[in-house]
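Below is one structure; the comments refer to it alone.
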Amino acid sequence: MGHLAALKEEYRRLVKRLGAGTVGLPEPEEESARRGWQEVLEILYTPADAALASRLPVLPAPLEAIARRVGLDAVELRGRLESMADKGLVLDLPDPKGGATLYLLAPPVVGFFEFSMMRARDSVPKRRLAEAMDAYFRGDETFAREVFGHETQIGRALVHETALDPEPPEVLDFERAEAVIRDSRIAAVSLCYCRHKAEHLGERCGAPMENCLSLDEGAEFIARRGFGRRIETSEALELLAASRERQLVQIADNVQSRPAWICNCCACCCCQLRPVNRLGLRAVAPSGFLPACDPARCSGCGRCARACPAGAVTLEPRRLERQARGTLVPRLDAERCLGCGVCADVCGREALSMGRAAAGPRVPASSIEKALRMALERGRLPDLLFDAGAGLGSRALNRLLRALCALPPVERALASEQVRSRLVRRVLAGLPVSDRGR
496 MGHLAALKEE YRRLVKRLGA GTVGLPEPEE ESARRGWQEV LEILYTPADA ALASRLPVLP
556 APLEAIARRV GLDAVELRGR LESMADKGLV LDLPDPKGGA TLYLLAPPVV GFFEFSMMRA
616 RDSVPKRRLA EAMDAYFRGD ETFAREVFGH ETQIGRALVH ETALDPEPPE VLDFERAEAV
676 IRDSRIAAVS LCYCRHKAEH LGERCGAPME NCLSLDEGAE FIARRGFGRR IETSEALELL
736 AASRERQLVQ IADNVQSRPA WICNCCACCC CQLRPVNRLG LRAVAPSGFL PACDPARCSG
796 CGRCARACPA GAVTLEPRRL ERQARGTLVP RLDAERCLGC GVCADVCGRE ALSMGRAAAG
856 PRVPASSIEK ALRMALERGR LPDLLFDAGA GLGSRALNRL LRALCALPPV ERALASEQVR
916 SRLVRRVLAG LPVSDRGR
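All residue numbers for the sequence shown refer to the working numbering, where the first residue is 496 and numbers rise by one.
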């Protein structure tokens with residue numbers, strides 16, 4: 496990457512606009528990271544794209560409303576939005592009430608970062624982009640903490656169903672990868688963004704490249720825009736099984752209703768697992784299951800510790816030597832454990848099995864609830880409820896709510912999970928019924 500020149504104003508406005516969403520693209524302090532950050536923006540967005548994107552809504556809106564907002568003819572605007580959607584910079588979604596297509600600015604994650612690497616070939620300079628992304632991600636912790644440094648995570652681990660107790664406790668459908676697939680209307684598969692990026696950096700592992708699953712509206716977008724291909728349910732289930740056999744972690748969209756994606760992740764390439772191991776962040780919500788060891792079966796071979804994608808399993812000397820098959824037994828760090836079941840799947844003696852954890856994770860009911868929680872935790876609820884770019888009225892309400900949230904008593908109250916949950920329920924109750932489950 497070359498010399499760090501001044502970032503053009505249209506890109507500055509775009510960064511500010513992205514910062515109004517649930518995940519932004521903050522400017523890092525470290526120089527190589529800043530260089531990567533700037534180059535990512537300039538590779539993906541033309542100056543004209545950046546100028547338009549900086550005025551787009553962060554929530555879905557119809558074409559006519561956006562045309563009034565940005566002052567463009569609707570026909571011209573449609574062409575520009577369609578072009579940006581083909582590049583993954585804009586999302587186009589069907590209105591659940593029928594009729595018009597809704598458009599919104601794609602976030603960095605899950606969004607234009609992933610889309611940029613889902614095609615093997617297009618106009619994007621893949622190696623240059625991979626190097627810029629790598630510099631931004633690894634140069635300092637700014638972006639990792641923006642994405643993963645809060646309570647509500649983008650993704651959650653799904654337990655390997657083959658690793659559950661023979662008589663498992665009740666397992667809900669949203670906790671089972673196969674049930675999530677079967678309950679979806681359609682599925683699509685695309686290249687793994689993380690491994691494709693790693694390939695251009697010369698770091699790719701041997702795990703399959705084409706195994707990133709999108710579901711329902713997400714699958715429709717992926718297939719419609721050429722970021723992947725539509726597949727039958729049977730192929731999606733086969734892909735899940737093959738990924739489990741390779742000890743990949745299955746990480747899903749962190750919602751109960753209609754998850755939009757399931758990734759099959761390796762600890763070496765995955766951009767969700769790397770912050771767990773490199774920075775100690777709780778970057779993936781746990782599944783709600785934990786492994787238990789039967790010491791009478793354990794040989795102390797250490798396969799479980801080597802396979803654990805989160806470094807949650809270590810070996811320690813066995814205390815009851817008379818039961819020993821070996822001198823070591825696994826020790827679990829429950830705070831790091833994802834509950835994925837990889838350790839139990841690799842155990843040849845069936846000494847490990849997955850049971851229900853005493854306290855499960857809080858999984859948002861819908862994508863709307865997840866967005867509300869993420870916005871609350873990042874201090875961006877005013878941006879989600881009152882779009883400052885939508886006119887004087889919304890701008891005034893945005894500033895008022897932002898000022899209220901900054902008051903020390905309100906700030907302290909919002910730190911309480913009980914208060915946050917009550918506020919989320921109130922906001923959801925005010926939405927049309929058709930929007931609550933999205």
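Cβ atoms here follow ideal geometry from the backbone N, Cα and C, with glycine treated the same way.
Residue burial annotation: G583 is buried, with at least 16 other C-beta atoms found within 10 angstroms of its C-beta. The straight-line gap separating the alpha-carbon atoms of L554 and V824 is approximately 50 Å.
A802 and L810 do not touch by the CB rule: their CB atoms are close to 13 Å apart, not below 8 Å. Per the C-alpha coordinates, the member of L876, K511, V779, P877 positioned closest to E646 is V779. Per DSSP, N759 is not a residue of any alpha helix (DSSP H); the beta strand (DSSP E) it occupies stretches across 756-760. Contact check between the region 767-785 and the region 705-725: fewer than three CB pairs, one atom from each, fall below 8 Å, which does not count as touching.
Judged by their CB atoms, A762 and H695 are not nearer to each other than the 8 Å cut-off. Counting C-beta pairs closer than 8 Å gives fewer than three between the region 699-708 and the region 770-779, which falls short of the contact rule. Rounded to whole angstroms, the gap between the alpha carbons of P790 and R739 is 25 Å.
As far as DSSP is concerned, G795 takes part in no beta bridge. Boundaries for A860: no alpha helix (DSSP H) harbours it, and the DSSP string shows neither H nor E there. T809: member of the beta strand (DSSP E) spanning 808-812, first to last residue. Taking 8 Å as the cut-off, the beta carbon of E505 is found closer than this to the beta carbon of A546. 8 Å or more divides the Cβ of F643 from the Cβ of V858.
In the DSSP assignment, C707 forms a beta bridge with S685.
Shown here, P589 sits in a strand according to DSSP, grouped into three states. Closest in C-alpha terms to Q745, from the list S611, R831, A736, comes A736.
Bounds of the beta strand (DSSP E) holding Q745 are 744-748. For C788, the beta-bridge partners assigned by DSSP are L847. Looking at the DSSP output, I726 bridges to A682. G855 is positioned such that its CB atom lies no closer than 8 Å to that of A652. In the displayed model, L567 falls within coil according to three-state DSSP, outside both helix and strand.
Spanning the alpha carbons of L572 and M579 requires a straight line of approximately 11 Å. Considering only A829, V837, C788, the residue with the shortest C-alpha distance to R813 is C788. Each residue's CA atom was taken as its position, placing L686 and C842 some 30 Å apart.
DSSP lists P557, L588 as the beta-bridge partner residues of L597. Membership of V824 in any alpha helix (DSSP H) is not indicated; the residue belongs instead to the beta strand (DSSP E) covering 823-827.
Straight-line measurement puts the Cα of L659 at about 9 Å from the Cα of R851. The alpha carbon of A569 has as its nearest neighbour, out of L586, D581, A595, the alpha carbon of A595. Classified as buried, D882 has 16 or more neighbouring CB atoms from the shown chains inside 10 Å of its CB. According to the DSSP assignment, A548 belongs to the alpha helix (DSSP H) that extends over 542-548.
By the C-beta density criterion, G634 is buried, having at least 16 other C-beta atoms within 10 angstroms. T728 places its beta carbon less than 8 Å from that of A682.
Only exposed fits K592, as fewer than 16 other CB atoms lie within 10 angstroms of its CB. Here DSSP, grouped into helix, strand and coil, assigns G855 to coil. The C-beta separation of A853 from L847 comes to about 18 Å, leaving the pair out of contact by the 8 Å criterion.
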